[in-house]
Structure formats: C-alpha cells, structure tokens
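K.L.:
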Amino acid sequence: MKLLENVDNILEKDPAARSRLEVVLCYPGFHVMVSHKVANFLWQRGMTTVARCVSQAARVWTGIEIHPGATIGRRVFIDHGMGVVIGETTIIGDDVVIYQGVTLGAGAAARMGSASRGKKRHPTLGNGVVVGSGAEIQGDIIVGDNVRVASGSIVLKDVPPNSVVVGVPGRVIYRDGVKVTSESVPDIEAEAIKSLKHRLEKLEHLVAAAPDINRESFEVPVEDFSTADSKNTQVVDDGTDPVDVFLHGAGI
Ligand SMILES: CC(C)(COP(=O)(O)OP(=O)(O)OC[C@H]1O[C@@H](n2cnc3c(N)ncnc32)[C@H](O)[C@@H]1OP(=O)(O)O)[C@@H](O)C(=O)NCCC(=O)NCCS
C-alpha cells in the first residue's frame, strides 16, 4: 500500500507523468524507493554489506545513491534523480521533493573519517521540504518543515520552518511567506566590496594630499589589477565605475 501511495504521489506531483504504469516502469525515484526499503530492512538487521550491495546496485540502475541507513519518510519523491546522494544518518520527513544533483552530505564531519562513524553527521529534513536541483545540504543541521531550497544553493546551517533559502552560502529570503529584507540579511560580497572601495578611496585621498609624490609612478594600467585573462576581457569604457555597477545589483 505504501508503494502505491508513492506511485500516486508521483502522479500528483509530476505533470509529466501520465499513468501508474509509466511511473512504475520509468521513474528512477520510484525504483530507488523500492530498493531502499529492501536495503534499509537488511541494514536494520545487521546485514550491512548485503544492504550496501543492494544500495549500490540501485545506484547503477537509477543514478541515485541512498545509504541503506538513511531514514526516509512517506511520499518522498526524488524527481529525475541522477546524481542525488543521501548519506547514512540523513533523516527525511514526509512529502519531501528532491530534484536531480542534490547532496545531503556530511559536511565538515566527512574530514574526520572513521572518528565520526556512528555519529549523526547528515541533515534532517522536515515534512514538505523541497530541495531544488544541484543544491547541497551539508552537516548535522535541521531544515524545518515546508522549507524550499533553491537550485544550486549550499546550506550549512539550520533553516527555520516555512522559509525559502537561496544562494551560496544559503540565505533565507522568505519566512512565513514574507520577504526578508536586505537590511536583516546582509549581502556579504557587496559588503566586502564596499569595504575595499572605502579603503581605496581613503588611500587615494592620502596620496592626493601628499605634497612630494611622483604621481606618474602610480599610473598603472587597469589590466595589472585583474587576475582575469585581459585579452579576453571586455572593458566597457563608458565612464561607469564597475564597482558602483556591482553595488547597484548587476551580476548579483
Ligand atoms: C527556490 C524555489 C523552491 C522557490 O520557489 P517559490 O517559492 O515558488 O518562489 P520563486 O520561484 O518565485 O522564487 C522566490 C525567490 O527566489 C529566487 N530564486 C529562485 N530560485 C533561485 C536560485 N536558484 N538562486 C537564487 N534565487 C532564486 C527568485 O528569484 C525569487 O526571488 P524574488 O522573490 O526576489 O523575485 C524554486 O524557485 C526552486 O528553485 N525550485 C526548484 C526547481 C528545480 O530544481 N527544478 C528542477 C526541475 S527539472
């Protein structure tokens, strides 16, 4: 009955799915859930190597790697799935949707090797969470109920329920349906550039105020400051300050 529930859930969530038969035959997200039930059953009974073999066979078939020890709730839908990795101590609630390329990983604990064996080192996802394609959720953190994680985000800290998280590192931009303003969520890159610009301006004032300075020795071509390949870099000489352009939002 629970497997049928998974099939109907996929039919409901994926507009591309047309029939139960299609879901059963063609959905790796369904196949991997069936194999995980078997692998998890074996894992719980101490048959860890056989359980890993089942999980690895499913990985070859579906492109989705779920460790047999992971705890997965009801109606979890891994859409497309290729490249999804779900670690051993991950806990996933009910009605979660995970897209391709998502990692639910061990984060910094991975570096500790066997010293972290047996410890909770992977994330816990609440009910109704959506994790967009290519997102990384790392470490023993809690992602609250109904959180939506944008594609390509990297989440390393707990996320409060009913939030939307975007970016690298992940930042909450909506909470309980209300946009979180930039005043309470600073833009780290912009702040860093603002600080650099401020220091540069101070330096320019100091140089301009110094009486006995050979100013020609400070005339350095712009390319010298760039680590980019200057031959392939388009520099628009329209008088605009690229730092100002960046600070006003372009390219962020
Ligand atoms: C993050 C997400 C879950 C939010 O969905 P939503 O709540 O319905 O809202 P929206 O899509 O309108 O996005 C909300 C805000 O997040 C921003 N956003 C969405 N995805 C983003 C991303 N990957 N990176 C940065 N910002 C993103 C939007 O620009 C929007 O900002 P705004 O309100 O300032 O205009 C959704 O955009 C998403 O990424 N879903 C995963 C989709 C996916 O993986 N599809 C694969 C299918 S094959």
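Note that the numbering used here has the sequence shown beginning at 363, numbered continuously upward.
Virtual Cβ for every residue (Gly too), placed ideally from N, Cα, C.
#1: For residue 690, which three-state DSSP category applies?
#2: Along the chain, which unbroken stretches of the beta strand (DSSP E) at least 3 residues long are found entirely within the stretch 422 to 478?
#3: What's the call for residue 462, buried or exposed, on a 16-neighbour Cβ count within 10 Å?
#4: Express the C-alpha separation of residue 397 and residue 595 in angstroms, rounding to a whole number.
#5: Using a Cβ-based criterion (distance less than 7 Å to any ligand heavy atom), does residue 525 qualify as near ligand 1?
#6: Is residue 532 a contact residue of ligand 1, with contact defined as CB to any heavy atom under 7 Å?
#7: Considering only residues of the same chain and omitting the five flanking positions on each side of residue 419, which have a CB-CB separation below 8 Å?
#8: For residue 400, which residues in the same chain have their Cβ closer than 7 Å to its Cβ, ignoring the five residues on either side in sequence?
#9: Would you say residue 447 lies against chain C (beta-carbon separation less than 8 Å)?
#10: Going by the beta-carbon positions, is the gap between residue 516 and residue 530 smaller than 8 Å?
#11: CA-CA distance, residue 442 and residue 552?
#12: What three-state label does DSSP hand residue 381 in the structure shown?
#13: Here's the rule I'm using: 16 or more other beta-carbon atoms within 10 Å means buried, otherwise exposed. How should residue 405 be labelled?
#14: Excluding the five sequence neighbours on either side, which residues of its own chain have a C-beta within less than 6 Å of the C-beta of residue 469, listed in chain order?
#15: Taking 8 Å as the cut-off, decide whether the C-beta atoms of residue 367 and residue 437 are in contact.
#16: Short of 7 Å in beta carbon distance, which residues of its chain neighbour residue 369, apart from the five on each side in sequence? Order them along the chain.
#17: Give every residue of the same chain whose Cβ lies closer than 6 Å to the Cβ of residue 379, excluding the five residues on either side of it in the sequence, and list them in chain order.
#18: DSSP three-state call for residue 518: helix, strand or coil?
#19: By the three-class DSSP mapping on this structure, what secondary structure does residue 590 have?
#20: By the three-class DSSP mapping on this structure, what secondary structure does residue 525 have?
P.N.:
On the basis of the coordinates in this document:
#1: There is no way to answer for residue 690, as the model of the chain reaches only from 363 to 614.
#2: If we require 3 residues or more, the beta strand (DSSP E) runs fully inside the stretch 422 to 478 come out as 465 to 467.
#3: Against the sequence shown, residue 462 aligns to sequence position 100. Residue 462 sits buried, since 16 or more C-beta atoms from the chains shown fall within 10 Å of its C-beta.
#4: Within the sequence shown, numbered from 1, the residue matching residue 595 stands at position 233. Within the sequence shown, numbered from 1, the residue matching residue 397 stands at position 35. At residue 595 the pLDDT is 43, less than 50, meaning the model places this residue with poor confidence and gives no usable figure here.
#5: Locating residue 525 in the sequence shown gives position 163, counting from the first residue. Not under cutoff, so the answer is no.
#6: The residue labelled residue 532 in the question sits at position 170 within the sequence shown. No, since every heavy atom of ligand 1 falls outside the 7 Å radius drawn around the Cβ of residue 532.
#7: Position 57 of the sequence shown, counted from the start, is the residue given in the question as residue 419. Annotation for residue 419: 397 place their beta carbon closer than 8 Å to its own, counting only its chain and skipping 5 residues before and after.
#8: Against the sequence shown, residue 400 aligns to sequence position 38. Closer than 7 Å at Cβ, skipping near neighbours: 416.
#9: Among the protein chains of the structure shown there is no chain C, as only one such chain exists.
#10: Counted from its first residue, the sequence shown places residue 516 at position 154. Counted from its first residue, the sequence shown places residue 530 at position 168. Contact flag set, yes.
#11: In the sequence shown, the residue the question calls residue 442 occupies position 80. In the sequence shown, the residue the question calls residue 552 occupies position 190. Rounded to the nearest angstrom, the two C-alpha atoms are 35 Å apart.
#12: Start at 1 with the first residue of the sequence shown, and residue 381 comes out as number 19. Here residue 381 carries a coil assignment [DSSP, helix/strand/coil].
#13: The residue given as residue 405 occupies position 43 in the sequence shown. The residue in question, residue 405, is buried, as its Cβ has 16 or more Cβ neighbours within 10 Å.
#14: Within the sequence shown, residue 469 is the residue found at index 107, counting from 1. So the qualifying residues of the chain are 500 and 501.
#15: Within the sequence shown, numbered from 1, the residue matching residue 367 stands at position 5. Within the sequence shown, numbered from 1, the residue matching residue 437 stands at position 75. The answer is yes: Cβ separation under 8 Å.
#16: Against the sequence shown, residue 369 aligns to sequence position 7. Around residue 369: 382, 385, 386 and 392.
#17: For this step, residue 379 is matched to residue 17 along the sequence shown. Leaving aside the five residues that flank residue 379 on each side, the residues in its chain whose CB is nearer than 6 Å to its CB run, in chain order, 372, 373 and 385.
#18: Here residue 518 is taken as the residue at index 156 of the sequence shown, counted from 1. Residue state, collapsed to three classes: coil.
#19: Here residue 590 refers to the residue found at position 228 of the sequence shown. Low local confidence applies: a pLDDT of 46 at residue 590 is under 50, so the model's placement there is unreliable, with the coordinate-based value given in what follows. In the structure shown, residue 590 adopts coil according to DSSP, grouped into three states.
#20: Stepping through the sequence shown from its first residue, residue 525 is reached at position 163. Three-state result, residue 525: strand.
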